[in-house]
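Residues 93 to 671 (our numbering) are what the sequence shown spells out, left to right. C-beta: ideal position from N, C-alpha, C; glycine also. This report refers to the structure that appears directly beneath it.
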Amino acid sequence: MTARGPAAAAARRRWLRAAIGAAATAGVAPWRAASAAVTERSGAATPAHLDLRVQLDPARRAFVASGTVQLSAGPATRLAFGPQFDVTDLRDATTGTTLATLPAVAGAPAWRVPAATRPRTLRIAWHATLDALPDTDDHRATLAADRAHADLRGSFVPAASRWLPDIDGVAFFTHRIAVDLPDGQKGLVPGDLVDETARDGRWRARFALDVPVPQLDLMAGPYRVDTHTVVSADGARRVTLRTWFTRELALLAPGYLEDAARQLEAYDRSIGPYPYGSFSIVSSPTPTGFGMPTLTYLGEGVLQLPFIRTTSLPHEILHNWWGNGVFVDAARGNWCEGLTTFGADLAMRERESPAAAEALRTGWLRDLSAIEPGADFALTRFTSRTHGASQIVGYHRPAMLFSMLRDALGADTFDAGLRRFYATHRGRMATWDDLRRALEAAAGRALGDRWTPWIERTGLPSPRLATARALRAADGTHALEVAITHAGDAFALDLPLRVRTDGPDVDARIALPAARIGTTTRHTLIVGAAAPRAVLLDPQFRVLRRLAPGEAPPILRLAMVHPRPALRVVGADAAFATA
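This is the structure:
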């Protein structure tokens, strides 16, 4: 899968996991790495460099852009734009030769870029009349949108619309982009704000990004901008935080900046240097929840929810390490949503209280257990969220896996593995295998069946306590023999047990081998001086497993994620039945 184009852009987009879903239920880069150095680490071709000027008139929905694209030497390739955009000039800047057109694909215009033995520069001019602002509050439709729209209330030109030249073989690019808007409007692209001016009835700003990224979106609106500066953990860098909020949201800016600063500083200390020079929180008139390099784009209604600053905001900030700092090779599975859910959502609950963290894990397991056997899919097939079941599998399953791995490896070792992963792959595409190798290096051992089956297979284990028998040694000490029946899919796991005794509880952990359904294994637990009275399997819900009947109350999600839900009308009232 190439790193460009609407499908790839949609796969790489970072969806807001908790904001809208929870509402229903609830540039100069700081590390100054030269593009060539980052590219060498990534193992990819030299990134393209964009030097563009973009003018947007939201009232007329008019979009006009021009500038240059600098490409490295290479074979002939194909350049395309999305079907919304009309190209008026596309030529080799050195020779002045106009590029030859190619047959359109799905209505999208395309051109042939000739082979070259030295770097070349293309000069391009293009324009469009953008769509009107979508009249929808359906966040699922918003997530899937690949059309650019403009309105005085807010404009969004997504990467998925292919508003930038989509060049086969070019996975990353850096940029200098000037944005030009009428007075009363401000806009931005991912990157650092170099300067801005307001005169002659126009607002103009220049953005720069020296860290190669795989996509860019453009946003604009009637924004007021507030700022705050954060100093990195090592004291060597400054990161500028901004809110781009409408006047109605302006009072929320200080709180968002304060919480964003706290979270960014925490991740900077625990994982590694923040990869960019700025981070912005941008309001959207549509129910948007996107994360991009250097920013997050959130719906106005979402931003006003009181819990977003301590739930979804940390999630989107962390995506600048996982997904927008280390990029996802979506063709081999999206690991970043699960890792971000673990590192932000679960971490926030753990800081709140053990009970809050247990409640979140229980909810994840309840949702996973609601998916019918055979209706899920392997994590290597997950690219992005499209509906409830895909979020459960792509976000909650790996988050539980990472929680289990941290328990097995120890928090210090697990965290060291994540720091190694970030340091090695920052600015590069990475896969599940890359993440495994980093954790194994930190642990000094192979993860084996504690990793590969969980990533490549479907299903869940369902360990069940079959019997428990108290034993007493000659010296008066007590033990407990338990029989565990494998009622689900065969996965090896470390299973926690808690023994209630006449004295303090005794916690134990047994290594449960992968076994066929119906297999029973026996294990002996040393209890001590107090006699055992009861035994509980995974009492804190720390194991990725299918819950037993009665372990959690039934919820509406059981019907929402069922592949074949049935509706039964109870009662004879005709009007009720029709409704």
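In the DSSP assignment, find the beta strand (DSSP E) that holds residue i and state where it starts and stops.
| i | result |
| --- | --- |
| S372 | 370-376 |
| Y389 | 387-391 |
| F265 | 265-274 |
| R183 | 178-184 |
| A247 | Strictly speaking, residue 247 in this sequence is Ser, with Ala absent from that position. Looking at the DSSP string, the run of the beta strand (DSSP E) that includes S247 is 247-249. |
| I618 | 612-620 |
Per DSSP, which one or two residues make a beta bridge with residue i?
| i | result |
| --- | --- |
| E683 | Shown here, the chain extends from 93 to 671; a query on residue 683 therefore has no answer. |
| R170 | R204 |
| H517 | According to DSSP, which records beta bridges pairwise, H517 is partnered with nothing at all. |
| Q61 | Residue coverage of the chain in this structure runs from 93 to 671, which leaves residue 61 outside it and unanswerable. |
| M384 | L387 |
| L457 | Partner(s): none; L457 has no beta bridge. |
| F155 | L148, A220 |
| L585 | L604 |
| L577 | The amino acid at residue 577 is misidentified as Leu; the sequence shows Thr. In DSSP, T577 forms a bridge with R556, T612. |
| W414 | V418 |
| L280 | M311 |
| P624 | T593 |
| D258 | A172 |
| D526 | Answer is none; D526 lacks a bridge partner. |
| L629 | L589 |
| H241 | D223, F248 |
| V305 | F265 |
| V598 | V591 |
Residue i and residue j: beta carbons closer than 8 Å?
| i | j | result |
| --- | --- | --- |
| P553 | D581 | yes |
| R254 | A172 | yes |
| P150 | A312 | yes |
| A675 | G595 | Shown here, the chain extends from 93 to 671; a query on residue 675 therefore has no answer. |
| L681 | F633 | Residue 681 is absent from the model: the chain starts at 93 and stops at 671. |
| L310 | L142 | no |
| I259 | V323 | no |
| G486 | F474 | yes |
| A571 | T559 | no |
| R302 | T332 | The question names Arg, but residue 302 is Asp in the sequence shown. No. Outside cutoff. |
| W336 | V374 | yes |
| F371 | I409 | yes |
| A603 | D586 | yes |
| Y514 | V418 | yes |
| V619 | V635 | no |
| R170 | L144 | no |
| A724 | Q176 | This structure cannot settle anything about residue 724, because the visible part of the chain is limited to 93 through 671. |
| S495 | F434 | yes |
| A365 | R329 | Sequence check: residue 365 is Pro here, not Ala. Cβ atoms of P365 and R329: closer than 8 Å. |
| L471 | I363 | no |
| G174 | A207 | no |
| V271 | A140 | no |
| G642 | P304 | no |
| W295 | Y359 | no |
| L452 | D437 | yes |
| R529 | A500 | no |
| T577 | T544 | no |
State the start and end residues of the unbroken alpha helix (DSSP H) segment that holds residue i.
| i | result |
| --- | --- |
| D567 | It is not in any alpha helix (DSSP H) - D567 carries neither H nor E in the DSSP assignment. |
| T193 | Here T193 belongs to no alpha helix (DSSP H); instead the beta strand (DSSP E) covers 192-197. |
| W543 | Unbroken run through W543: none, as it is neither H nor E. |
| S495 | 489-501 |
| E442 | 439-444 |
| L648 | Where L648 is concerned, there is no enclosing alpha helix (DSSP H), given that its DSSP letter is neither H nor E. |
| A666 | 666-670 |
| G486 | Here G486 belongs to no alpha helix (DSSP H), and DSSP marks it neither H nor E. |
| L659 | That residue, L659, is in no alpha helix (DSSP H); it is neither H nor E in DSSP. |
| E464 | Counting along the chain, E464 falls outside any alpha helix (DSSP H), and DSSP gives it neither H nor E. |
| L471 | Looking at the DSSP string, L471 is not in any alpha helix (DSSP H), and its letter there is neither H nor E. |
- Touching or not, the segment 517-533 and the segment 436-454, by the rule of three or more beta carbon pairs under 8 Å? no
- Entirely enclosed alpha helix (DSSP H) segments - the segment 316-377, minimum 4 residues: 345-362
- Message: Whether or not the segment 405-412 and the segment 274-291 are in contact is what I'm after, with contact meaning three or more pairs of Cβ atoms, one per stretch, closer than 8 Å; do they touch?
- Response: no
- Message: Check whether the segment 379-396 and the segment 489-501 are in contact - that is, three or more C-beta pairs closer than 8 Å.
- Response: no
- Message: Tell me whether the segment 286-301 and the segment 185-196 touch, counting them as touching only if at least three CB pairs, one residue from each stretch, are closer than 8 Å.
- Response: no
- When the Cβ atoms of the segment 420-437 are set against those of the segment 520-530, are three or more pairs found closer than 8 Å? yes
- Message: Taking contact to mean 3 or more Cβ pairs, one atom from each stretch, closer than 8 Å, check whether the segment 199-214 and the segment 154-163 are in contact.
- Response: yes
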